[in-house]
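Residues 0 to 349 in numbering that gives the first Met the number 0 are what the sequence shown spells out, letter by letter.
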Amino acid sequence: MSSSTLTTPPESAPSRPIALTMGDPCGIGPETLVRAFAQGESNGCVVYGDAAWLARTARTLRFSPDSSRPAIVELDELADWKKVPRGAIPVLPIVALPADLAIGQVDARAGAAAYACIEAAARDALVGRVAAVVTAPIHKAALHAAGVNFPGHTEILQHMAGGVPVRMMLANEQLKTVLVTVHMALRQAIDAVTSEAVLQTLRIAHQAARGWGLAQPRIAVAGLNPHAGESGLFGDEEERIIAPAIAQARSEGIAASGPYPPDTVFMRARHALPEHPGAFDIVVAMYHDQGLIPVKYLGVEQGVNVTLGLPFVRTSPDHGTAFDIAGRDQADPSSLIAAIRMARDLAVLH
Ligand SMILES: NC(=O)c1ccc[n+]([C@@H]2O[C@H](COP(=O)([O-])OP(=O)(O)OC[C@H]3O[C@@H](n4cnc5c(N)ncnc54)[C@H](O)[C@@H]3O)[C@@H](O)[C@H]2O)c1
Ligand SMILES: N[C@H](C(=O)O)[C@H](O)COP(=O)(O)O
């Protein structure tokens with residue numbers, strides 16, 4: 000290790016760390032990550048990335064006495080993470096970033112580095128060396144420019160896990176939404192809404208929620224069309240495709256219901272206690288924006304992205320690289336902190 004700050008292991012350290020990938024270095028990932036450590040929210044995490052880049056990022060941030068600049072400790076090997084004192088940032092060096100990367104810009108080199116960190120973290124998760132993976136945001140165009148033919152983490156991790164069926168869930172305290180289709184053009188997404196895809200989503204969501212301790216999760220299924228087709232007036236996918244999947248799921252003991260009008264189902268599901276206990280635990284949404292807008296609208300600082308169906312726990316903030324504010328010390332680390340907390344909780348249950 001390259002730091003004189005090494006001491007004894009932190010008290011009550013967990014047996015395995017959480018891998019925290021650095022994300023696109025040109026976005027807000029590194030600064031939110033430094034903030035999360037500075038706020039004492041990342042204990043037990045090891046950053047998969049570049050220590051020099053993080054140190055440079057940390058120098059650009061202003062700190063107050065109650066949240067001071069964390070030390071950065073480059074690890075020789077993962078096992079050394081336990082020797083890093085509480086509050087410092089342990090970094091497993093996966094990449095050495097070029098110093099001329101421009102903050103707030105798409106750069107293939109940044110995309111390639113982000114990808115290398117995800118790969119390394121996923122490899123360690125698959126063999127059980129880390130308890131969970133939390134990913135800071137990547138830029139999809141930078142990833143593509145680097146020649147990576149996956150749209151995002153979800154598809155990369157699915158591929159690395161052998162192609163297991165997975166689904167994206169966005170969650171905050173009030174809503175949980177699981178998507179049937181994710182990163183594709185809306186025209187293609189409509190075609191990709193098949194009975195099999197809806198049924199598989201219901202099975203994955205049901206299984207995951209039981210893992211969190213819900214004995215019989217109430218799963219609402221959104222329709223595809225306005226007013227869930229209004230009895231066939233505005234489309235028949237609800238009757239032809241979605242309702243049969245719900246019926247099959249119900250016959251398997253899954254408490255699925257719907258299809259409900261998409262414009263009101265999230266309002267009904269929202270848990271805003273004490274006035275509004277939600278009528279459902281999860282909403283299954285047909286396509287990306289149908290499901291993600293309601294969660295993000297409640298506050299980008301609260302949402303967590305969870306990949307359901309993987310053989311390991313993976314969470315992420317619900318926001319992206321925010322190139323418009325990167326490097327300006329304006330990024331809110333709350334969603335990353337929520338993702339770390341959720342990963343910790345889920346890792347215990349996994
Ligand atoms: N987890 C991920 O890897 C992830 C998630 C979402 C989007 N993305 C990718 O990120 C890139 C940019 O996406 P986008 O511009 O649509 O969304 P974005 O979330 O990066 O930004 C949307 C708006 O929210 C603001 N914002 C986002 N996070 C913030 C934070 N923590 N604090 C303060 N303000 C914040 C931004 O400044 C911007 O105005 C795209 O390539 C997208 O695909 C990645
Ligand atoms: N759809 C996600 C969101 O808006 O939060 C985002 O693109 C991240 O996707 P991955 O987790 O697959 O990178």
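From the three backbone atoms N, C-alpha and C, an ideal C-beta is built for every residue, glycine too.
Open item on the list: I'd like to know if Pro29 contacts chain B, where contact means its C-beta is closer than 8 angstroms to some C-beta of that chain.
Closed with: Protein chains in the displayed structure number just one, and chain B is not present.
Task: Residue list, Cβ distance to ligand 1 heavy atoms smaller than 5 angstroms - done: Pro136, Ile137, His138, Lys139, Ser315, His318, Gly319, Thr320, Ala321, Asp323, Ile324, Ala330 and Asp331
Open item on the list: Does the distance between the C-beta of Met285 and the nearest non-hydrogen atom of ligand 2 fall short of 7 angstroms?
Closed with: The residue labelled residue 285 in the question sits at position 286 within the sequence shown. Not under cutoff, so the answer is no.
Open item on the list: Tell me whether Leu291, by its Cβ, gets closer than 7 angstroms to a heavy atom of ligand 2.
Closed with: Taking the sequence shown and counting its residues from 1, the one referred to as residue 291 is at position 292. Checking the Cβ of Leu291 against ligand 2 gives yes.
TODO: Take the Cβ of Met266 as the centre, count every other Cβ of all protein chains shown within 10 Å, and call the residue buried at 16 or more, exposed below.
DONE: Counting from one through the sequence shown, the residue named residue 266 turns up at place 267. Exposed is the call here.
Task: Within the stretch 159-195, ranges of the alpha helix (DSSP H) (whole runs, at least 4 residues) - done: 185-191
Task: Buried versus exposed call for Ala98 [16 or more other C-beta atoms within 10 Å across all chains shown] - done: The residue you call residue 98 lines up with position 99 of the sequence shown. Result: exposed.
Open item on the list: Let me check you understand the geometry: is the CB of Gly127 closer than 7 angstroms to at least one non-hydrogen atom of ligand 2?
Closed with: Within the sequence shown, numbered from 1, the residue matching residue 127 stands at position 128. No; taking the cut-off as 7 angstroms, the Cβ of Gly127 has no heavy atom of ligand 2 nearer than that.
Task: Inter-residue CB distance, Ile117 and Ala325 (contact presumed, cutoff 8 angstroms) - done: Your numbering for residue 117 matches position 118 in the sequence shown. Your numbering for residue 325 matches position 326 in the sequence shown. 19 angstroms between Cβ atoms; not a contact.
Open item on the list: Whole angstroms are fine: how far does the CA of Ser14 sit from the CA of His152?
Closed with: Locating residue 152 in the sequence shown gives position 153, where the first residue counts as 1. Locating residue 14 in the sequence shown gives position 15, where the first residue counts as 1. Spanning the two alpha carbons is a distance of roughly 26 angstroms.
Open item on the list: Closer than 7 angstroms to a non-hydrogen atom of ligand 2 - does that hold for the CB of Thr153?
Closed with: Here residue 153 is taken as the residue at index 154 of the sequence shown, counted from 1. Indeed, a heavy atom of ligand 2 lies less than 7 angstroms from the Cβ.
- [ ] Determine the closest residue to Pro332 out of Gly39, Asp235, Gly257 and Ile17, with distance taken between C-alpha atoms.
- [x] Residue 332 sits at position 333 when you count from the first residue of the sequence shown. Out of Gly39, Asp235, Gly257 and Ile17, Gly39 has the C-alpha closest to the C-alpha of Pro332.
TODO: State the start and end residues of the unbroken beta strand (DSSP E) segment that holds Arg313.
DONE: As a working mapping, residue 313 is identified with position 314 in the sequence shown. Val312 to Pro316 is the span of the beta strand (DSSP E), which, as asked, contains Arg313.
Task: Unbroken beta strand (DSSP E) run spanning Gly308, endpoints - done: Locating residue 308 in the sequence shown gives position 309, counting from the first residue. Per DSSP, Gly308 belongs to no beta strand (DSSP E) and is neither H nor E.
Open item on the list: Which residue wins for smallest C-alpha separation from Ile17, given the options Gly103, Glu30, Leu96 and Ala120?
Closed with: For the purposes of this step, residue 17 is taken as residue 18 along the sequence shown, with counting starting at 1. Of the listed residues, the one whose Cα sits closest to Ile17 is Ala120.
- [ ] Would you mind reading off the limits of the alpha helix (DSSP H) that contains Ser333?
- [x] If you number the sequence shown from 1, residue 333 lands on position 334. Ser333 to Leu348 is the extent of the alpha helix (DSSP H) around Ser333.
- [ ] Apply the 10 Å Cβ neighbour rule to Tyr296 and answer buried if 16 or more other Cβ atoms are within range, or exposed otherwise.
- [x] Stepping through the sequence shown from its first residue, residue 296 is reached at position 297. It counts as exposed.
- [ ] Give the single residue among Pro92, Thr59, Ser63 and Ala87 whose Cα lies nearest to the Cα of Asp75.
- [x] Stepping through the sequence shown from its first residue, residue 75 is reached at position 76. Out of Pro92, Thr59, Ser63 and Ala87, Pro92 has the C-alpha closest to the C-alpha of Asp75.
TODO: Check each candidate in Ala35, Ala271 and Ala135 and name the one with the smallest Cα separation from Leu174.
DONE: Working through the sequence shown from its first residue, we reach residue 174 at position 175. The residue with the shortest Cα to Cα distance from Leu174 is Ala271.
- [ ] Sort out for me which residues DSSP pairs Ser63 with in a bridge.
- [x] As a working note, residue 63 is residue 64 in the sequence shown. Answer is Ser66, bridged to Ser63.
TODO: Give the DSSP-derived three-state secondary structure of Ala98 in the structure shown.
DONE: To locate residue 98, count along the sequence shown from 1; it is residue 99. Reduced to three states, the DSSP call for Ala98 is coil.
Task: Nearest-angstrom Cα separation, counted from Glu237 out to Arg249 - done: Counted from its first residue, the sequence shown places residue 249 at position 250. Counted from its first residue, the sequence shown places residue 237 at position 238. If I take the Cα positions, the gap works out to 16 angstroms.
Task: Gly110 (DSSP reduced to helix, strand or coil) - done: Position 111 of the sequence shown, counted from the start, is the residue given in the question as residue 110. Helix.
Task: Integer-rounded CB distance, given that Thr320 should sit under 8 angstroms from His182 - done: The residue you call residue 182 lines up with position 183 of the sequence shown. The residue you call residue 320 lines up with position 321 of the sequence shown. His182 to Thr320, Cβ: 15 angstroms. No contact.
Open item on the list: Could you check whether the stretch 215-224 touches the stretch 281-292, counting it as contact only if at least three pairs of C-beta atoms, one from each stretch, sit closer than 8 angstroms?
Closed with: yes
Task: Rounded separation between Pro310 and Ala278 - CA only - done: Along the sequence shown, read from residue 1 onward, the residue named residue 310 stands at position 311. Along the sequence shown, read from residue 1 onward, the residue named residue 278 stands at position 279. In a straight line, the C-alpha of Pro310 is about 30 angstroms away from that of Ala278.
Task: Cutoff 6 angstroms; reference Gly290; Cβ partners in own chain excluding five residues on either side - done: What you label residue 290 is simply residue 291 of the sequence shown in a count that begins at 1. Excluding positions up to five away in sequence, the list reads Thr176, Leu178 and Ala284.
Task: Cβ-Cβ distance between Val94 and Gly48 below 8 angstroms - done: On the sequence shown, position 95 is the one that residue 94 refers to. On the sequence shown, position 49 is the one that residue 48 refers to. Cβ atoms of Val94 and Gly48: closer than 8 angstroms.
Task: Check: Met167 C-beta below 7 angstroms from any heavy atom of ligand 2 - done: Taking the first residue of the sequence shown as 1, we reach residue 167 at position 168. At least one heavy atom of ligand 2 is nearer than 7 angstroms to the Cβ of Met167, so yes.
- [ ] Measuring alpha carbon to alpha carbon, tell me which of Met341, Val132 and Ser194 ends up nearest Glu172.
- [x] Looking up residue 172 in the sequence shown gives position 173. When each option's Cα is compared against that of Glu172, the closest is Met341.
TODO: Output the distance between the C-alpha atoms of Val46 and Gly234, rounded to the nearest integer angstrom.
DONE: Translated into the one-based positions of the sequence shown, residue 46 becomes position 47. Translated into the one-based positions of the sequence shown, residue 234 becomes position 235. Going from the Cα of Val46 to the Cα of Gly234 covers about 48 angstroms.
Task: Beta-carbon proximity of Pro164 to Gln187, cut-off 8 angstroms - done: To locate residue 164, count along the sequence shown from 1; it is residue 165. To locate residue 187, count along the sequence shown from 1; it is residue 188. For Pro164 and Gln187, no; Cβs fall outside 8 angstroms.
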